Amino acid sequence: MTSSSSSSPPATATLGRHLARRLVQVGVSDVFGVPGDFNLTLLDHLIAEPGLRLVGCCNELNAGYAADGYARARGVGAVVVTFTVGGLSVLNAIAGAYSENLPVICIVGGPNSNDYGTNRVLHYTIGLPDFSQELRCFQPVTCHQAVVNNLDDAHEQIDRAISTALRESKPVYISVSCNLPGMPHPTFTAEPVPYFLAPRYEFQMQYGSIGWSVGALLGYAQGAGHKRVIACIGDGSFQVTAQDVSTMLRCHHRSIIFLINNGGYTIEVEIHDGPYNVIKNWNYTALVDAMHNGEGSCWTVKVTCEEELAAAIHTATAGDHKDCLCFIEVVAHKDDTSKELLEWGSRVSAANSRPPNPQ
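Per our numbering, residue 340 is the first one in the sequence shown, and the count goes up by one each step.
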């Protein structure tokens, strides 16, 4: 299935607008990201494209998780970060998207094109003049990598990367030199041949990265538009990436979050119990209220029994708060778990504890 942009390209488009237009044409309306000086000019050109919004996140990991969730809702997602410090921060989320077969387009603002091959040591590097360290980190978790530091083949590199992501349903890496987004080139006016794929998953069973659910909820809700998204999030996972609930409020999301508070990493307990699986309890509803801070629409409640939970669900879905972000903290016993989780934990424990094979 293909789609086309509603706006015609300018007579001579810039690299940044070309990339932005390609994203819109394949179904991306929202790009998640964190600014850094190597991607600032690129961000200017992305937000100048009609139909494309930039959703600023609290950190790159959450931005990557959000792009993951968005890809599940819309068939493709995109995240924009800066070179190395941003790229390596988002890498874990991209690895998760790779394992889940999600086409996430990871765009990195890279060094000035004039600095390649000069043996200069730049900031945002690990102190070496070789700029390929980040690229090598992304190679195992992306199906295609493009380093755009030359205008002549920029359109081919960008189009090939995006098409490959959609065709293979895997993440891709696109690095764009920081001095190129504002540069025009005749090839940027060509019409695209985009692809569009439907979403495939709504959970991260294969990769299982703790904290994924908050960012993924942000991205899925942003991509789902008028649909209301419901998320069940464990307390341990929430403590990793809770910050971007503030971004959900800023974006006026209407999601319903069930925070399961059982005081620890229950899934790890069923594999191998120990004192390290107990976490510090937070006042979760007060934390979300602090993020709310009177801006936007938000309702929080803490429930401790079935009757309170039923009442909270009714209020969130049919009552006074059906049109706002609803955060329901569900207090559960630390040993309250399903038969399936007990069996799974036992099997994983047995697999992990197998002795070495005889030499």
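No residue lacks a Cβ here, since even glycine has one placed at the ideal position from N, Cα and C.
Predicted model only: the values in this text are computed from it and were never measured.
Inset, instruction - Report all residues from its chain with a CB closer than 6 Å to the CB of residue 513; omit the five preceding and five following residues, and keep chain order. - result: Excluding the 5 residues flanking it on each side, residue 513 has same chain C-beta neighbours closer than 6 Å at 446, 485 and 500, in chain order.
Legend entry - is_contact[residue 377, chain C] using C-beta, thresh 9 Å: Considering every chain present, this structure includes no chain C. It has just one protein chain.
Inset, instruction - Just mark residue 604 as buried or exposed, buried being the case when its beta carbon has 16 or more other beta carbons within 10 Å. - result: buried
Legend entry - Rounded separation between residue 536 and residue 697 - CA only: Note on residue 536: pLDDT 43, under 50, position unreliable in the model; the coordinate value appears next. One Cα belongs to residue 536, the other to residue 697, and the distance between them is close to 47 Å.
Inset, instruction - Can you give me the Cβ contacts of residue 597 inside the same chain, cut-off strictly under 6 Å, excluding the 5 residues immediately before and after it? - result: 571, 667 and 669
Legend entry - residue 523 beta carbon less than 9 Å from that of residue 387: no
Inset, instruction - Give the single residue among 654, 502 and 543 whose Cα lies nearest to the Cα of residue 638. - result: 654
Inset, instruction - Determine the contact status of residue 355 and residue 381, defining contact as a CB-CB distance below 9 Å. - result: yes
Legend entry - Limits of the beta strand (DSSP E) - the one that residue 641 falls within: 637–642
Inset, instruction - Evaluate the contact criterion for the segment 547–558 versus the segment 583–593: three or more CB pairs, one atom per stretch, below 8 Å. - result: These segments touch.
Legend entry - Same chain only: Cβ atoms within 6 Å of residue 607, ignoring 5 sequence neighbours per side: 616, listed in sequence order.
Inset, instruction - Ignore the nearest five residues each way along the sequence and tell me which others in residue 694's own chain have a CB closer than 8 Å to its CB. - result: none
Legend entry - Any beta strand (DSSP E) of 3 or more consecutive residues that is wholly inside the segment 553–614: 569–573 and 595–600
Inset, instruction - Give me the Cα-Cα distance between residue 493 and residue 516, rounded to the nearest whole angstrom. - result: 10 Å
Legend entry - Beta bridge counterpart(s) of residue 512 as assigned by DSSP: According to DSSP, which records beta bridges pairwise, residue 512 is partnered with 445 and 484.
Inset, instruction - Go through the segment 420–476 residue by residue and report every complete run of the alpha helix (DSSP H) that reaches 4 residues or more, in order. - result: 424–438
Inset, instruction - Express the C-alpha separation of residue 413 and residue 497 in angstroms, rounding to a whole number. - result: 20 Å
Legend entry - Segment contact flag, the segment 433–445 with the segment 399–413, C-beta cutoff 8 Å, min 3 pairs: yes
Inset, instruction - Compute the distance between the beta-carbons of residue 384 and residue 521, then report whether it is under 9 Å. - result: yes
Legend entry - Check whether residue 434 and residue 548 have beta carbons under 9 Å apart: yes
Legend entry - 7 Å Cβ shell around residue 545 - same chain, five flanking residues per side excluded: 438 and 439
Inset, instruction - Can you have a look at residue 465 and say buried or exposed, based on whether 16 or more other CB atoms are within 10 angstroms of its CB? - result: exposed
Legend entry - Enclosing alpha helix (DSSP H) for residue 686 [first to last residue]: 678–691
Legend entry - First through last residue of the beta strand (DSSP E) which encompasses residue 373: Here residue 373 belongs to no beta strand (DSSP E), and DSSP marks it neither H nor E.
Inset, instruction - Note down the Cα distance separating residue 728 from residue 473, rounded to an integer number of angstroms. - result: With the chain covering only 340 through 698, there is no way to say anything about residue 728.
Legend entry - Cβ-Cβ separation, residue 363 to residue 419 (assumed contact under 8 Å), whole Å: That belief does not hold up - the Cβ atoms of residue 419 and residue 363 are roughly 14 Å apart, past 8 Å.
Legend entry - Between the CA atoms of residue 415 and residue 576 - distance to the nearest angstrom: 24 Å
Legend entry - Enclosing alpha helix (DSSP H) for residue 507 [first to last residue]: 493–507
Inset, instruction - Compare the beta carbon distance of residue 618 and residue 675 with 9 Å and say whether it is the shorter of the two. - result: no
Legend entry - Chain-order list of residues whose beta-carbon lies under 6 Å from that of residue 641 (same chain, five-residue window excluded): 624 and 668
Legend entry - Three-state secondary structure (DSSP) of residue 393: strand
Inset, instruction - Could you name the residues of the same chain whose beta carbon sits closer than 6 Å to that of residue 550, not counting the 5 residues immediately before and after it, in chain order? - result: 576, 579 and 580
Legend entry - Residue from 680, 436 and 689 whose Cα sits closest to the Cα of residue 509: 436
Inset, instruction - Please state whether DSSP places residue 646 in a helix, a strand or coil. - result: helix
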